[in-house]
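Working notes, structure below.
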Amino acid sequence: MTADTEAPPRKSTRQGEALIQRADSMSLIHLLSREVRPERVERPVLQYGHAAQSKKGEDFVLVKTDCQRVPGDGSSTFGVFAIFDGHNGAAAAIYSKENLVNDVMGAVPSGLSREEWLALLPRALVAGFVKADKEFQRREQSSGTTATFVVIDGLTVTAASVGDSRCILDSEGAVITLTVDHRLEVNEEERVRVTASGGEVGRLSTAAGAEVGPLRCWPGGLCLSRSIGDMDVGEFIVPVPYVKQIKVPASGGRLIIATDGVWDALNSEQAAKYARGLPPEIAAKQIVKEALRSRGLRDDTTCLVVDIVPPPVRPTAPVAKKQSRILKVLDFRHSFNVSKLTRKPAGTRRQVEEIFEEGSAMLADRLFPAPGGEGVLKCAICQEMLTVSSDDENDGSFFSLSPDESWEGPFLCKTCKLKKDAMEGKLCKQRLQSQTNGA
Numbered sequence: 044m045t046a047d048t049e050a051p052p053r054k055s056t057r058q059g060e061a062l063i064q065r066a067d068s069m070s071l072i073h074l075l076s077r078e079v080r081p082e083r084v085e086r087p088v089l090q091y092g093h094a095a096q097s098k099k100g101e102d103f104v105l106v107k108t109d110c111q112r113v114p115g116d117g118s119s120t121f122g123v124f125a126i127f128d129g130h131n132g133a134a135a136a137i138y139s140k141e142n143l144v145n146d147v148m149g150a151v152p153s154g155l156s157r158e159e160w161l162a163l164l165p166r167a168l169v170a171g172f173v174k175a176d177k178e179f180q181r182r183e184q185s186s187g188t189t190a191t192f193v194v195i196d197g198l199t200v201t202a203a204s205v206g207d208s209r210c211i212l213d214s215e216g217a218v219i220t221l222t223v224d225h226r227l228e229v230n231e232e233e234r235v236r237v238t239a240s241g242g243e244v245g246r247l248s249t250a251a252g253a254e255v256g257p258l259r260c261w262p263g264g265l266c267l268s269r270s271i272g273d274m275d276v277g278e279f280i281v282p283v284p285y286v287k288q289i290k291v292p293a294s295g296g297r298l299i300i301a302t303d304g305v306w307d308a309l310n311s312e313q314a315a316k317y318a319r320g321l322p323p324e325i326a327a328k329q330i331v332k333e334a335l336r337s338r339g340l341r342d343d344t345t346c347l348v349v350d351i352v353p354p355p356v357r358p359t360a361p362v363a364k365k366q367s368r369i370l371k372v373l374d375f376r377h378s379f380n381v382s383k384l385t386r387k388p389a390g391t392r393r394q395v396e397e398i399f400e401e402g403s404a405m406l407a408d409r410l411f412p413a414p415g416g417e418g419v420l421k422c423a424i425c426q427e428m429l430t431v432s433s434d435d436e437n438d439g440s441f442f443s444l445s446p447d448e449s450w451e452g453p454f455l456c457k458t459c460k461l462k463k464d465a466m467e468g469k470l471c472k473q474r475l476q477s478q479t480n481g482a
């Protein structure tokens with residue numbers, strides 16, 4: 044049975060009741076089966092600073108170091124660091140800064156362990172981005188924004204991004220990019236997706252017919268293929284983020300999150316190099332300074348630097364031990380020689396552990412079922428409750444349905460299903476088909 048196939052009324056009612064019972068029982072089993080024990084998590088110290096030079100006033104920074112996975116539980120604290128680069132006004136960037144954290148956390152079921160929360164976070168980020176886009180577009184404002192949104196929980200870093208702001212990690216001298224630029228000029232895969240969804244990709248044309256400037260999407264003329272907002276451009280400009288999750292080494296690392304005002308002037312290696320050896324705030328200022336020196340102030344230029352610092356080692360009281368002077372000298376020589384011999388070469392340093400990576404723009408690839416059976420009766424994006432006993436209200440609200448897995452979810456309400464179809468180009472194809480039939 045396909046996504047758009049209507050379920051028989053009686054079967055829908057019976058299976059809906061069974062689903063409610065199954066969700067309740069699975070949730071109870073899920074909670075009872077978990078051992079009640081405190082979670083021991085490596086909690087590094089987060090130090091940060093940011094700098095900016097404004098030209099249009101459309102860049103915004105979000106820093107929240109006191110977010111809690113479990114409200115009231117200090118041991119579940121995590122940090123959020125984000126940059127929003129608005130265009131055609133600042134409204135979308137301001138809205139995303141104020142609402143995106145809540146939209147993401149609203150897509151996370153309650154009662155999850157830390158491991159489950161981290162596994163579910165990529166899905167919640169997708170749902171949160173799409174919800175923010177949907178709710179902002181209801182305001183009927185034409186503004187849009189990039190979003191680079193980073194969650195730090197212990198040593199685990201999860202980055203989600205749409206647009207061309209970028210996040211890099213500098214750890215033990217190695218620079219890793221945690222985002223993908225959704226700029227049509229450099230992203231061939233996105234060009235193919237946009238044209239397949241009914242959009243056109245091309246440059247501006249002068250009166251003489253010459254093509255100038257970067258590649259853009261038409262209608263709208265946006266240089267980006269993914270953003271939040273932008274209701275005045277084609278439906279193929281989607282808010283579905285690229286997500287990457289990693290675990291940094293115990294030695295920590297430095298995140299550099301910046302808007303295209305920096306990345307149009309500096310590459311990732313240069314930005315990391317200019318920041319090394321400096322505290323976060325001075326490092327951010329130095330990166331902005333070097334970007335302006337290279338290219339001038341052509342656009343808002345914003346940089347956020349976050350250091351993930353290993354927690355301080357608690358000193359333990361040494362045990363007094365009597366030792367002769369000769370043994371003390373021998374011990375000193377031994378420790379000196381060992382320290383020289385065991386110094387790790389660059390090739391044997393601890394590497395960054397890559398946990399998750401996905402960049403598909405198709406929601407069917409990104410919204411996998413939540414664990415434990417919780418939340419299956421809610422829209423996976425807007426979190427509105429669905430009525431499974433009414434075929435009219437539930438019609439087309441799911442896009443993963445087969446005879447063997449009739450009620451696994453995830454589910455979408457009517458408006459989110461419509462948005463999903465629009466982002467995948469289905470509505471554009473339907474309009475073209477109607478025009479063809481009418482002709």
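FYI, in the working numbering the residues of the sequence shown are 44 to 482. Don't be surprised by glycine CBs; every beta carbon is placed ideally from N, CA and C.
Considering Cα atoms alone, identify which of the options is closest to residue i.
i    : options                : result
G92  : S208, L198, D350       : D350
P191 : L221, K98, V229, A217  : Strictly speaking, residue 191 in this sequence is Thr, with Pro absent from that position. The shortest Cα separation from T191 among L221, K98, V229, A217 belongs to L221.
K99  : G129, F279, V144       : G129
V218 : R297, R236, P282       : R297
V283 : P165, V244, S118, I211 : P165
L258 : A293, V237, C110, A250 : V237
C210 : V352, E427, N131, N310 : N310
V123 : N131, K107, A95        : K107
R409 : E254, V193, F454       : F454
G320 : E215, I126, T249       : E215
N142 : R338, S185, Q96, C425  : C425
S337 : A308, L163, V348, L420 : A308
V331 : C346, R341, T249       : C346
E183 : Y138, N145, H225, A250 : Y138
V244 : G252, V235, A251, A250 : V235
V352 : G295, Q96, T249, R112  : G295
C422 : T458, R393, E400       : T458
K463 : G256, E278, A136, S248 : E278
V144 : V169, Q313, F411, G132 : V169
D102 : V113, P114, A125, D109 : A125
A314 : P412, G115, D213       : D213
L411 : S153, S119, L163       : Sequence inspection shows Phe at residue 411; the Leu mentioned does not correspond to that position. Per the Cα distances, L163.
G132 : G187, W261, Q111       : G187
S149 : P114, A136, S118       : Per the sequence shown, the amino acid found at residue 149 is Gly instead of Ser. The shortest C-alpha separation from G149 is found at P114.
Per DSSP, residue i forms a beta bridge with which residues?
i    : result
F172 : Answer is none; F172 lacks a bridge partner.
Y285 : S204
C110 : F121
S214 : A217
V395 : None, per the DSSP bridge assignment.
M405 : Beta-bridge pairing links M405 to no other residue.
I271 : T188
D128 : D102
V193 : F124, A202
L420 : Answer is none; L420 lacks a bridge partner.
C260 : V244, L265
V483 : Here the chain covers residues 44 to 482 and nothing more, so residue 483 does not appear.
I299 : I211, V348
V88  : V352
Considering only the beta carbon of each residue, do residue i and residue j sit closer than 8 Å?
i    : j    : result
L267 : T189 : yes
A134 : V147 : no
E333 : M405 : no
V223 : G402 : yes
R291 : L198 : With the sequence shown as reference, residue 291 is identified as Val, and Arg is not the correct amino acid for it. Yes. Within cutoff.
I300 : I398 : no
A523 : V104 : For the chain, the structure presents residues 44 to 482; residue 523 sits outside this window and is missing.
T344 : V305 : yes
P354 : R181 : no
R246 : E233 : no
D303 : S185 : no
S270 : G206 : yes
C456 : L420 : no
I195 : F121 : yes
V356 : A318 : no
G241 : W261 : no
Under a CB-based cut-off of 8 Å, is residue i close to chain C?
i    : result
V147 : This model lacks chain C altogether, as it is built from one protein chain only.
* Asked: Just checking, does the segment 163-181 make contact with the segment 270-280 on the three C-beta pairs under 8 Å criterion?
  -> yes
* Taking contact to mean at least 3 C-beta pairs separated by less than 8 Å, is the segment 321-328 in contact with the segment 87-106? -> yes
* Counting Cβ pairs closer than 8 Å, one from the segment 156-172 and one from the segment 226-236, do we hit at least three? -> no
* Asked: Enumerated in chain order, which unbroken segments of the beta strand (DSSP E) with a length of 3 residues or greater are wholly contained in the segment 322-360?
  -> 344-352
* **Length at least 3, wholly inside the segment 222-249: the beta strand (DSSP E) runs in chain order** => 243-248
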